[in-house]
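**Q**
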Amino acid sequence: MTPAPTTPHDVPAERSADDATTAWALAARGGDAQAVEHFVRALHRDVQRYVAHLCGDPQAVDDLAQDTFLRALASLHRFEGRSSARSWLLSIARRAVIDSYRYAASRPRLSDAPDWQLAVERAQPQDLPGFEDGIALLDLLASLPDERREAFVLTQMVGLPYAEAAEVSDCPVGTVRSRVARARAALLDLLAEADAPAVLAA
6 MTPAPTTPHD
16 VPAERSADDA
26 TTAWALAARG
36 GDAQAVEHFV
46 RALHRDVQRY
56 VAHLCGDPQA
66 VDDLAQDTFL
76 RALASLHRFE
86 GRSSARSWLL
96 SIARRAVIDS
106 YRYAASRPRL
116 SDAPDWQLAV
126 ERAQPQDLPG
136 FEDGIALLDL
146 LASLPDERRE
156 AFVLTQMVGL
166 PYAEAAEVSD
176 CPVGTVRSRV
186 ARARAALLDL
196 LAEADAPAVL
206 AA
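Letter 149 of the sequence shown, counting from 1, is numbered 154 in the numbering used here, and no numbers are missing.
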């Protein structure tokens with residue numbers, strides 16, 4: 006007798022989060038409504054964080070995340086689990102952001118230089134510990150070239166392995182490693198520059 010296929014409910018606790026999420030995606034593909042809910046909940050934060058650093062517009066993040074999941078659920082029947090569900094979903098998020106850029110480029114803009122960083126700062130609760138550090142990190146990341154920022158966010162903030170980040174970014178693994186290394190070096194230089202006035206003042 007053929008054993009029943011593994012469902013997310015059967016996934017051992019010791020399996021990685023990526024394995025579990027991929028199992029949820031495969032079960033969702035088969036029409037499991039609970040699996041759809043778990044799949045979306047497990048990856049929603051990663052998608053939001055990724056598109057936030059790609060698009061640079063805090064007001065567009067929720068819409069882009071929603072668009073990403075709508076696209077993913079519509080094409081879930083084609084997901085076969087060859088890569089993790091997370092890297093597959095972030096590839097869709099990347100395309101959603103690119104499509105939003107193309108759409109915006111075809112329409113007149115109300116402002117040539119929206120102050121998105123100020124909007125992020127105003128939207129955050131400023132009395133939380135680490136608030137200033139978070140804004141400083143946004144400023145530093147915004148100064149990086151797009152490709153380096155994407156590689157850094159995918160590997161260091163979202164936590165993708167380099168191979169999966171390369172898949173999402175559609176470039177060789179070595180290129181991702183190089184971009185991350187350069188991003189780290191640039192961030193360290195910027196941090197050193199930021200600290201220098203304080204040291205001189207002391």
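Glycine included, every Cβ here is placed at the ideal spot set by N, Cα and C.
On the three-state DSSP scale, how would you describe Pro63?
**A** Here Pro63 sits in helix by DSSP.
**Q** Can you give me the C-alpha to C-alpha distance between Val102 and Pro177, rounded to a whole angstrom?
**A** Going from the Cα of Val102 to the Cα of Pro177 covers about 21 Å.
**Q** In chain order, which continuous runs of the alpha helix (DSSP H) of length 4 or greater are located wholly inside the segment 30–94?
**A** With a minimum length of 4 residues, the continuous alpha helix (DSSP H) runs that stay inside the segment 30–94 are 38–60, 66–79.
**Q** To the nearest angstrom, how far is it from the Cα of Arg100 to the Cα of Ala197?
**A** When rounded, the distance between both Cα atoms is 35 Å.
**Q** Under the assumption that Ala170 contacts Ala156 (Cβ atoms under 8 Å), give the Cβ distance between them as a whole number of angstroms.
**A** Confirmed, about 6 Å.
**Q** How would you call Leu48, buried or exposed, if buried means at least 16 neighbouring beta carbons within 10 angstroms?
**A** Result: buried.
**Q** Quick check: what's the CA-CA separation for Phe84 versus Asp24?
**A** Taking the straight line from one Cα to the other gives about 14 Å.
**Q** Which residue's Cα is closest to the Cα of Gly164: Ser92, Ser88, Ala186?
**A** Measuring from the Cα of Gly164, the nearest candidate turns out to be Ser92.
**Q** Whose C-alpha, out of Ala30, Gln161, Ala168, Val173, is nearest the C-alpha of Val185?
**A** Nearest C-alpha to Val185: Gln161.
**Q** Would you call Arg87 buried or exposed, if buried means 16 or more other Cβ atoms sit within 10 Å of its Cβ?
**A** Looking at its Cβ environment, which holds fewer than 16 other Cβ atoms inside 10 Å, Arg87 is exposed.
**Q** Here's the rule: buried if 16 or more other CB atoms are within 10 angstroms of the residue's CB, otherwise exposed. What is Ala22?
**A** The residue in question, Ala22, is exposed, as its Cβ has fewer than 16 Cβ neighbours within 10 Å.
**Q** Does the distance from the C-beta atom of Trp29 to that of Ala38 stay below 8 Å?
**A** Taking 8 Å as the Cβ cut-off, Trp29 and Ala38 do not qualify as a contacting pair.
**Q** Between the C-alpha atoms of Arg54 and Ile97, what's the straight-line distance to the nearest angstrom?
**A** One C-alpha to the other measures close to 14 Å.
**Q** If we call anything under 8 Å between Cβ atoms a contact, is His58 one with Arg153?
**A** No.
**Q** Drop a sphere of 10 angstroms on the beta-carbon of Glu172, count the other beta-carbons inside from all chains shown, and report buried for 16 or more, exposed for fewer.
**A** Burial call: buried.
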